[in-house]
Structure formats: C-alpha cells, structure tokens
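J.: This structure is in structure tokens; I'll ask about it shortly.
Protein chains: 2
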Amino acid sequence: MNIKEISRLCGVSVFTVSRVLNGRAAEFRISAATAKRVMDMAEKVQYRPNYLAHSLNTDRTYSVGVIFANTVDNYLGSIMEGVEAHLRGTEYQTAVETGENDIRLQDQALRRMLHRRADGIIFYPVALPPGKRYELPTPNDQRKHQVPIVIIGRTIPGARDQIMMGDFEAGAATANRFLEAGCKRFAFLTNPVNCSSDHARQKGFIQTLKQAGIPAANRIVVAEQGGPASESLHKLRRADALFGVNSGLLLAYVRRLRALADVRHMHMVSVGDIEGAELMDLKLWTWSTPGRRMGEEAARAVLSRIDDPAAPWKNVVVPLEWTTA
Amino acid sequence: MNIKEISRLCGVSVFTVSRVLNGRAAEFRISAATAKRVMDMAEKVQYRPNYLAHSLNTDRTYSVGVIFANTVDNYLGSIMEGVEAHLRGTEYQTAVETGENDIRLQDQALRRMLHRRADGIIFYPVALPPGKRYELPTPNDQRKHQVPIVIIGRTIPGARDQIMMGDFEAGAATANRFLEAGCKRFAFLTNPVNCSSDHARQKGFIQTLKQAGIPAANRIVVAEQGGPASESLHKLRRADALFGVNSGLLLAYVRRLRALADVRHMHMVSVGDIEGAELMDLKLWTWSTPGRRMGEEAARAVLSRIDDPAAPWKNVVVPLEWTTA
DNA sequence: CTGAAAGCGCTTACAG
DNA sequence: CTGAAAGCGCTTACAG
Chain X
9 MNIKEISRLC
19 GVSVFTVSRV
29 LNGRAAEFRI
39 SAATAKRVMD
49 MAEKVQYRPN
59 YLAHSLNTDR
69 TYSVGVIFAN
79 TVDNYLGSIM
89 EGVEAHLRGT
99 EYQTAVETGE
109 NDIRLQDQAL
119 RRMLHRRADG
129 IIFYPVALPP
139 GKRYELPTPN
149 DQRKHQVPIV
159 IIGRTIPGAR
169 DQIMMGDFEA
179 GAATANRFLE
189 AGCKRFAFLT
199 NPVNCSSDHA
209 RQKGFIQTLK
219 QAGIPAANRI
229 VVAEQGGPAS
239 ESLHKLRRAD
249 ALFGVNSGLL
259 LAYVRRLRAL
269 ADVRHMHMVS
279 VGDIEGAELM
289 DLKLWTWSTP
299 GRRMGEEAAR
309 AVLSRIDDPA
319 APWKNVVVPL
329 EWTTA
Chain E
9 MNIKEISRLC
19 GVSVFTVSRV
29 LNGRAAEFRI
39 SAATAKRVMD
49 MAEKVQYRPN
59 YLAHSLNTDR
69 TYSVGVIFAN
79 TVDNYLGSIM
89 EGVEAHLRGT
99 EYQTAVETGE
109 NDIRLQDQAL
119 RRMLHRRADG
129 IIFYPVALPP
139 GKRYELPTPN
149 DQRKHQVPIV
159 IIGRTIPGAR
169 DQIMMGDFEA
179 GAATANRFLE
189 AGCKRFAFLT
199 NPVNCSSDHA
209 RQKGFIQTLK
219 QAGIPAANRI
229 VVAEQGGPAS
239 ESLHKLRRAD
249 ALFGVNSGLL
259 LAYVRRLRAL
269 ADVRHMHMVS
279 VGDIEGAELM
289 DLKLWTWSTP
299 GRRMGEEAAR
309 AVLSRIDDPA
319 APWKNVVVPL
329 EWTTA
C-alpha cells in the first residue's frame, strides 16, 4: 500500500495525496472534501508512509543520534531518559551508539551516525589518558549542511553547544561542607584521565580549600591507575575528609582504607547515588547527577540548532543536588 | 558525490559502479581493471553511499532495534553493551528506544521501530500490574516479511525466540545457600507486578524450601506496592534469611527493618551487584545479572532469525553468577 | 485548485 | 562482460 495506490483509489493525483497526508492541504488549497476523502482512505487501508522514501526526498530523518563514550550506566541512562522524554513531544526519534571507552570506536560511532543521516547528534566524549586531548573527528560528510553536534557531560576543545553539570560548584560546596564540619586534612580521589568534569570538581574543591587557608600538605589529590595503591592508602590514613570524584571510586578506597584507619570518623562525599548508603555506617553524603535534566537540555539544544544553525552557541550548566534520603 | 557521478568519472555505467561498490564485481564478471578503477575513484572522491537510497531499494536497513520497558539502568545498559559488542562484528547497527514502564509508550516504541524499518527487534517487555498479561501488539506492518522479534529478560505469552536468565536456578541456589547456613525462617521480598523473571526467582526459592520440608509459615512472601509497610516489617522481624528479588528492594527493606530487628544476624541475598556491599556489615551476597551475555545472545538470535525465518524457536537461558568481591 | 513529470540515489531485471 | 532503462516510494518545481 503506497501513495500511488491511494491516489488511484481516491481518483486524485499522487501530488494531492502527498500534500494531504503531510498536513499541507490548506497550504495548497486542496478542497476540504478531497482532503477528507484522502484521509479516510489512508485510514481505511492502514496506510503507513515509507520512512526511507520520505527521508530520501527531504534529506531529513527526524532522528537525533546519541553517542556515549562507554556502556550505558545509571548516569548515562538518565541522560537518555531526558533526551527521549523531550523528544517524545516532537517528531524526532533517538538512535543510540555506545563505545567502550575507546576513541576509535567512538569515531566509528560518529561516522555511522552521519551515515544514517541523523539530523543532529548529542555527544558524550571519551576521557583520554592524561595529557591527551580529544578532538572531534571531522569525517567527510555528504550532507549539504553541517550536522549539529551538541556536547554533553565533558567538554572538548572548540566552541560548540554544550550541556554540562555544575561540577565546579559541587566541588566548592563539598569543600565548604567539610570545612563547616571542622575537617582539617582533605583528600580528593580521582581517576588519572583527562576528563573535564572530574577536573572541574577537583578545581572547585581545591580552590575553595586554598582560599580557606588550608595548607597544601593538607589537601592532597590521589589519582591512580587501576585503583588504590598501598602508598596512597598510607597517605590517606590521616585524612578526615574524602571527596570521591565518583561513588564507585570512593567506595573502592574506603574498602581498602578501613583496614588501616577508622573510616567511620572520616567525612565523605562523592558524586552519584549509592544504594543503601545509610547501611554503611559512614559519614557519607552524595551528590545526585542531574542526568535527566541534562538530557532534556541537550535534546532542546540540538533541536534549536537544527532549526537555526546560525544561532550563538548555547552553554548550559545544570546544577548537582545533594542526594536526599 | 554519487554513484552516477562516479560512473561518469570512470567512463563506465552506473550498473558497474553499483556492482563493484557492493563487492559483487567477481559475481558479475567485471574485469579486475575496471573494478580497481572504480574503487580507486570512490576512494579518491570520498564516496559514501546513501544509506536511505540503498535501503529503499533493498528493503533492509541493517539495523536492529532494541526496545526497553524503562530507563536504561546498569542491567539494561549491560544488555545494550552485549548487543552492540556482537553487532560490531557485523554490518548491523542498533537503535534503542526506551519507555517509562508504560505499556502505551512501549507499543508506540515498537511502532516507531517498525516505521524505521529495523530488520529485527530485541524486546524487553514492561511488567504489568498483577493479573494483567502483556500481549505483544501486532501493528499493521508494511513489510513483505514479518519482522523478527526476540524477547529478552521477561517472557510474554506466545512462542518466540527468547533470551532469559536462570532465575529459577538462582532462586533454588539461594534457598540452598540459606539452608546450608542453618536458616529457619525465610522471606522472599518482591514487587507486586507480573514479571516472569521475578516469578521464576520466587518459584525456585519457595519450591526448594518446600522440598526441604520448611513449613509454609516459615517461608513468607512479601510483595507490596510502594515499598515496605509496617505490617510486613513486623512479620520480617523474625526472619533469619531474606531473599530480595532485586538489590534495591532488599536494601529498602533492610533500611526500615534495622530499627526493629538485628539485621546483622540475618542472611541476605539479592539480585544485582551492590557497590560497597562489604561496607554494610551485613551477611549479604548478591547475584550478578548476566546482561552482557544476554545481549550477545539476543543479537545472535535476531540475526539468525533474519537469516532463517523458518528455523525453530530459540530459547536461551543464561545463568546468573554469584558476585565475587 | 489539480495533474503529468522529473527527481532523490540507489538496485536490478532485461537486453546485447 | 557491460549498458540503457525501469523501479523503490516518496516530494516538488512546473504547467495548466
């Protein structure tokens, strides 16, 4: 069943059918009677337009590609949720690709997205080893116009639309929380990767401590490949305030550390909800990552960009919130 | 840049170019010299085939749709990971749609997938309220052949390809673990929804206890809407073995229960890794969900089905494994 | 207000 | 071994 068949059944031209079914009957002054006849017939024969043929003609697929650096976890899942929630109110669909923290896989994913002719892309970049900077590849693209790419979660070089979370502010607020609690020796636990989000948390945290007059010896940063090493655990023994760049990492350190020190007296904060945190008998607070909000903002941004390629870059920062029990 | 342009540049026909670029030069006895000329030119001008035009002709999109009942969490993410990992070795891509545990959204997602002409679909169905059974909608589909749908994670009525995990076996193994530990009063904590996976865990657990001669009074099942209610918490006080159908639920009960009972003496098992479980001072073991393996199997199954629509149904059960610290 | 025709970029019988 | 032509199902100038 196709448009030609319907035109035959209704005794009108293909043109008319096409116009009516695209909701542009009025625009082309097609009589209401004809329009109704066509609509009714389409309904009757359960007509479904051929997406491929439509897109081939219009060069729009009405799809937004989402590319994640790695396997979808709760955080990335909540981003997806936000994207899909926003897009449900539109004609757009999502197509998701994930990598495995591998720059080559991510570049491939981008190429495939372009090949599939997504109208816009939301891109969560890989975190490279320290020192290396990620550059968005510029694959040869057959499209007339540049496909909009919105960056989410981690910045990369170059001006673009981007949706980030309030990492710096969360780092600063964490420092203040510790300071108010009377802590003296602070540690920031992070990963040895070049991730702008991790960096911003660190910066907000350390800067605030520095401004509060905490000497360098009492604000250490631990960033180790492959988890806690015994040397750094030794250093951490004396800390009374631990800030983990993410909850998995914090817990990994605490697990090892409790053999060496009384972790129950340390104040701890990390980013990302922990199921059953209250059962851990720790002075532990967590930040909730605002993934859903970020996803919504990203979807909004990419649609705006599709509509208006010339608009100024959009830079959205979504704040983190303390997890409430 | 398109196929016609290349044919012009090479001085051969469109037919020849098409055949060569589809890797079917030999099949059509196109001379090696011509083939090379075409390939080189395609390389030189950075030719990228138009996916839409190709698919419009072949009626194959080389995409596998994945439909999830709800937001992608760590478990569903690991399924995705498996699907993508398997598909990376092929020409297929994935397209993911999620719902919000809403049957209407899921039906819509399926319709959209068909509209986008996925060659096959992997489907993780919603869990309905008790009593209600989910039926796969049969939307009118314009395709010549029926699009294969592989069910994953939760069974639904009707024979199909399906990939499940070893829920019954995990339930039975949990019961045995408790029995070996000398437990006497058992509780199964679950959700009041019609989920085959939850049911199978319960069945394996309860049947094993029954066979071991545990009286009905000592093997209770708690399934409450909206989390722990005080009445059931009262009942649970005397239990010495708790099996949570998932880890979030178990922890929710334990959190409430510890005000009423000494939870540290209870044996506990739940399904799904818990970050930092060792820090909880509980006798707690967890099952890891084999999402990645399931995803790989599902991808394999859907491709097989695309290749051979007439093959017998495939029914794969992937075992759960105890989480190792 | 409506139609016959060309075109999107590919594939594929059908000839030669 | 290769080409001219029709076709996939739709959209859209261009006429009338």
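These protein sequence lines are chains X and E, in that order.
So the first sequence is numbered by my numbering: it starts at 9 and just counts up by one.
So the second sequence is numbered by my numbering: it starts at 9 and just counts up by one.
Just so you know, even glycine gets a beta-carbon here, dropped at the ideal spot from N, CA and C.
For residue 170 of chain X, which residues does DSSP report across the bridge?
T.: Looking up residue 170 of chain X in the first sequence gives position 162. Partner(s): X:159 and X:323.
J.: Among the residues of its own chain, which have a CB less than 6 Å from the CB of residue 68 of chain E, if the five just before and after it don't count?
T.: Locating residue 68 of chain E in the second sequence gives position 60, counting from the first residue. Correct list, in chain order: 127.
J.: Have a look at residue 273 of chain E and residue 290 of chain E and give me their C-alpha separation to the nearest angstrom.
T.: As a first step, residue 273 of chain E must be located in the second sequence, where it is residue number 265. As a first step, residue 290 of chain E must be located in the second sequence, where it is residue number 282. The straight-line gap from Cα to Cα measures roughly 8 Å.
J.: Can you tell me the Cβ-Cβ gap for residue 255 of chain X and residue 283 of chain E, rounded? I've got them flagged as a contact below 8 Å.
T.: The residue labelled residue 255 of chain X in the question sits at position 247 within the first sequence. The residue labelled residue 283 of chain E in the question sits at position 275 within the second sequence. Confirmed, about 7 Å.
J.: Please classify residue 114 of chain X as buried or exposed, where buried requires at least 16 neighbouring CB atoms within 10 angstroms.
T.: As a position in the first sequence, residue 114 of chain X is number 106, starting the count at 1. Buried is the label assigned to residue 114 of chain X, since at least 16 other Cβ atoms lie within 10 Å of its Cβ.
J.: Using a C-beta to C-beta distance shorter than 7 Å, which residues of chain E count as neighbours of residue 60 of chain X?
T.: Your numbering for residue 60 of chain X matches position 52 in the first sequence. Residues of chain E passing the Cβ test: 60, 63, 64 and 125.
J.: Put residue 59 of chain X into one of helix, strand or coil per three-state DSSP.
T.: By one-based count along the first sequence, residue 59 of chain X stands at place 51. If DSSP states are grouped into helix, strand and coil, residue 59 of chain X belongs with the helices.
J.: Which chain X residues are close to residue 256 of chain E, counting only those with a beta carbon under 9 Å from its beta carbon?
T.: In the second sequence, the residue the question calls residue 256 of chain E occupies position 248. Near residue 256 of chain E (Cβ distances below 9 Å), the residues of chain X are 283 and 284.
J.: Chain X beta carbons: is any one of them nearer than 8 Å to that of residue 86 of chain E?
T.: Translated into positions along the second sequence, residue 86 of chain E becomes position 78. Answer yes: the Cβ-Cβ gap between residue 86 of chain E and chain X drops below 8 Å somewhere.
J.: Bridge partners of residue 128 of chain X, per DSSP?
T.: Translated into positions along the first sequence, residue 128 of chain X becomes position 120. For residue 128 of chain X, which the question treats as bridged, DSSP gives the partners X:72.
J.: For the putative contact between residue 193 of chain X and residue 247 of chain X, defined by C-beta atoms under 8 Å, what is the C-beta separation to the nearest angstrom?
T.: Here the question's residue 193 of chain X lines up with position 185 in the first sequence. Here the question's residue 247 of chain X lines up with position 239 in the first sequence. With a Cβ gap of about 5 Å, residue 193 of chain X and residue 247 of chain X count as contacting.
J.: Are the segment 119 to 133 of chain X and the segment 67 to 86 of chain X touching by the rule of at least three beta carbon pairs closer than 8 Å?
T.: yes
J.: Pull the bridge partners of residue 252 of chain E from the DSSP assignment, please.
T.: What you label residue 252 of chain E is simply residue 244 of the second sequence in a count that begins at 1. When DSSP reads this structure, residue 252 of chain E sits in a beta bridge with E:197 and E:278.
J.: What do you reckon, are the CB atoms on residue 202 of chain E and residue 140 of chain E nearer than 8 Å?
T.: Taking the second sequence and counting its residues from 1, the one referred to as residue 202 of chain E is at position 194. Taking the second sequence and counting its residues from 1, the one referred to as residue 140 of chain E is at position 132. Yes, the Cβ-Cβ distance between residue 202 of chain E and residue 140 of chain E is below 8 Å.
J.: Identify whether residue 136 of chain X lies in helix, strand or coil by the three-state DSSP scheme.
T.: Residue 136 of chain X sits at position 128 when you count from the first residue of the first sequence. Strand at residue 136 of chain X.
J.: Would you report the Cα separation of residue 308 of chain E and residue 79 of chain X, rounded to the nearest angstrom?
T.: Walking along the second sequence from the start, residue 308 of chain E turns up at place 300. Walking along the first sequence from the start, residue 79 of chain X turns up at place 71. Their backbone Cα atoms lie some 19 Å apart in a straight line.
J.: What residues from the segment 159 to 187 of chain E come within 9 Å of chain X, judged by C-beta to C-beta, listed N to C?
T.: none
J.: Contact criterion: CB-CB distance below 8 Å. Does residue 245 of chain X meet it with respect to chain E?
T.: Here the question's residue 245 of chain X lines up with position 237 in the first sequence. Closer than 8 Å: no.
J.: Could you give the first and the last residue of the continuous beta strand (DSSP E) run that contains residue 243 of chain X?
T.: In the first sequence, the residue the question calls residue 243 of chain X occupies position 235. Premise fails: residue 243 of chain X lies in the alpha helix (DSSP H), 238 to 244, not in any beta strand (DSSP E).
J.: Per DSSP, residue 4 of chain E forms a beta bridge with which residues?
T.: The structure shown has nothing for residue 4 of chain E, since chain E only spans 9 to 333.
J.: Exposed or buried, residue 43 of chain X, counting other C-beta atoms within 10 Å across all chains shown (16 or more means buried)?
T.: One-based indexing of the first sequence puts residue 43 of chain X at position 35. Burial call: buried.
J.: Determine the chain E residues that contact residue 118 of chain X at a beta-carbon separation under 7 Å, and present them in chain order.
T.: In the first sequence, residue 118 of chain X corresponds to position 110, counting from 1. Near residue 118 of chain X there are no residues of chain E at all, since even the closest Cβ is about 13 Å away, more than 7 Å.
J.: Quick check on DSSP: helix, strand or coil for residue 105 of chain X?
T.: The residue labelled residue 105 of chain X in the question sits at position 97 within the first sequence. The answer is strand: DSSP assigns residue 105 of chain X an E or B state.
J.: Quick one: what does DSSP say residue 296 of chain X is sitting in, helix, strand or coil?
T.: Translated into positions along the first sequence, residue 296 of chain X becomes position 288. DSSP places residue 296 of chain X within a strand segment (E or B) once states are collapsed to three.
J.: Note down the Cα distance separating residue 22 of chain E from residue 29 of chain E, rounded to an integer number of angstroms.
T.: As a working mapping, residue 22 of chain E is identified with position 14 in the second sequence. As a working mapping, residue 29 of chain E is identified with position 21 in the second sequence. Cα-Cα distance, rounded: 11 Å.
J.: Looking only at its chain, what residues have a beta carbon closer than 6 Å to the beta carbon of residue 251 of chain X, apart from the 5 residues adjacent to it on each side?
T.: In the first sequence, the residue the question calls residue 251 of chain X occupies position 243. Result list for residue 251 of chain X: 182, 196, 213 and 277, in chain order.
J.: Please state whether the Cβ-Cβ distance between residue 122 of chain X and residue 63 of chain E is less than 8 Å.
T.: Residue mapping note: residue 122 of chain X aligns to position 114 of the first sequence, counting from 1. Residue mapping note: residue 63 of chain E aligns to position 55 of the second sequence, counting from 1. Contact flag unset, no.
J.: Quick one: does residue 103 of chain X have its CB under 8 Å from some CB of chain E?
T.: The residue given as residue 103 of chain X occupies position 95 in the first sequence. So, interface residue.
J.: I want to know whether the segment 105 to 114 of chain E touches the segment 158 to 174 of chain E - three or more CB-CB distances under 8 Å.
T.: no
J.: Is it the case that the Cβ atoms of residue 45 of chain E and residue 36 of chain E are separated by a distance below 8 Å?
T.: On the second sequence, residue 45 of chain E is found 37 positions in, with the first residue counted as 1. On the second sequence, residue 36 of chain E is found 28 positions in, with the first residue counted as 1. Result no, Cβ atoms of residue 45 of chain E and residue 36 of chain E do not sit closer than 8 Å.
J.: From residue 50 of chain E to residue 20 of chain E, what does the alpha carbon distance come to, in whole angstroms?
T.: Looking up residue 50 of chain E in the second sequence gives position 42. Looking up residue 20 of chain E in the second sequence gives position 12. Roughly 13 Å between the two C-alpha positions.
J.: Confirm, please, whether the CB-CB distance from residue 264 of chain E to residue 86 of chain E is below 8 Å.
T.: One-based indexing of the second sequence puts residue 86 of chain E at position 78. One-based indexing of the second sequence puts residue 264 of chain E at position 256. No, they are not a contact pair.
J.: Tell me which residue opens and which closes the alpha helix (DSSP H) that residue 94 of chain X is part of.
T.: Within the first sequence, residue 94 of chain X is the residue found at index 86, counting from 1. Residues 82 to 96.
J.: For the candidate residues X:235, X:189 and X:175, whose alpha-carbon lies nearest to that of residue 215 of chain X?
T.: Counting from 1 along the first sequence, the entry for residue 215 of chain X is found at position 207. When only C-alpha atoms are compared, the closest one is X:175.
J.: Got a sec: is the Cβ-Cβ distance from residue 230 of chain E to anything in chain X below 8 Å?
T.: As a position in the second sequence, residue 230 of chain E is number 222, starting the count at 1. No, its Cβ sits nowhere closer than 8 Å to a Cβ of chain X.
J.: Check whether the Cβ of residue 72 of chain E lies closer than 8 Å to any Cβ atom in chain X.
T.: As a first step, residue 72 of chain E is located in the second sequence; it is residue number 64 there, counting from the start. With respect to chain X, the C-beta atom of residue 72 of chain E has no partner C-beta closer than 8 Å.
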